[in-house]
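A short worksheet on the structure shown next.
Numbering (our numbering), first residue to last: 6 to 329.
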């Protein structure tokens, strides 16, 4: 939350430069205004995880940068570009307890808002090397998004396929956040590379944990309805683990993923129970912890002052042990 408050002025300054209609959509997306454009106070914003990684990585590298807030804003804007387009792709009508932009204003508004936010992100960075690294992250995460969509029509997926997708879709931007923070602080190439790998592994841990939250999290806290991924028959990590098992308890899940009809609440609840009964929940939990350990190994290899890396390690631990 502290990182989100720190980056907020830079975010608002950039959004305020958008044309009126786009500014209206994007401000609504961030929860700064309602559908009529009236300012909103106390609206639930995002967690600010990626800006926090930027600041913590810069601290870990032992340097400072007079435009670090701009770097953090660039990463947060790219993240929201992904959210705006994801909501359209997945047809999600609600996020954080509020309507999504496309649900409130139409698909065109959702797409164009994402485009506008991406353009703002690239305008935050005035150093070519930083901008190039962010652009590469965008290319990687778009590739990951494309795989995620492709996977929906493939019945033969494995957890290895999932890991590739998650490292690209989620890990690439977290890797960029860490690498950009370190680079802005003047770190050398080896440290920057280690930071990027740290963030990519952390992204995998985050994605697996997020899958579990979608099944077992409290929707009041997470802002996500339980079982939404099951209703869309998405290939999440625990689903792949359960489907690969020979446990008879996985039968309802296998039936659901072969069916073309919309499941009812009881069928979804039965599939959630199957995750427990087959052990998929525990296996996925262990996979998230293994990815976290891999991330920490990359951070250890950077050879940085342990006191300076402590905030990064704290953030990493909360990625797996979170409720929202």
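Cβ coordinates follow ideal geometry from the N, Cα and C atoms, glycine included.
- Look at the stretch 70-138 and you find these whole runs of alpha helix (DSSP H), each 4 residues long or longer: 73-95, 106-110, 112-128.
- Just so you know, the alpha carbons of residue 56 and residue 12 end up roughly 7 Å apart.
- Residue 44 sits in a strand when the DSSP states are folded into three classes.
- Using a Cβ distance threshold of 8 Å, residue 280 and residue 209 do not count as a contacting pair.
- Looking from the CA of residue 206, the closest CA among 278, 176, 217 belongs to 176.
- Cα atoms of residue 28 and residue 22: separation of roughly 8 Å, rounded to the nearest angstrom.
- When C-alpha distances from residue 171 are compared across 107, 225, 158, 154, the shortest belongs to 154.
- Within the DSSP bridge table, the entry for residue 289 names no partner.
- In the displayed model, residue 206 falls within a helix according to three-state DSSP.
- In the DSSP assignment, residue 250 is bridged to no other residue.
- The beta-bridge partner set that DSSP reports for residue 38 consists of 44.
- Within 10 angstroms of the beta-carbon of residue 102 lie fewer than 16 other beta-carbons, which makes it exposed.
- Restricting attention to 72, 73, 214, the CA atom closest to the CA of residue 295 is found in 214.
- Residue 302 counts as exposed, since fewer than 16 other beta carbons sit within 10 angstroms of its beta carbon.
- A residue is called buried once 16 or more other Cβ atoms fall within 10 Å of its Cβ, and residue 212 is buried on that count.
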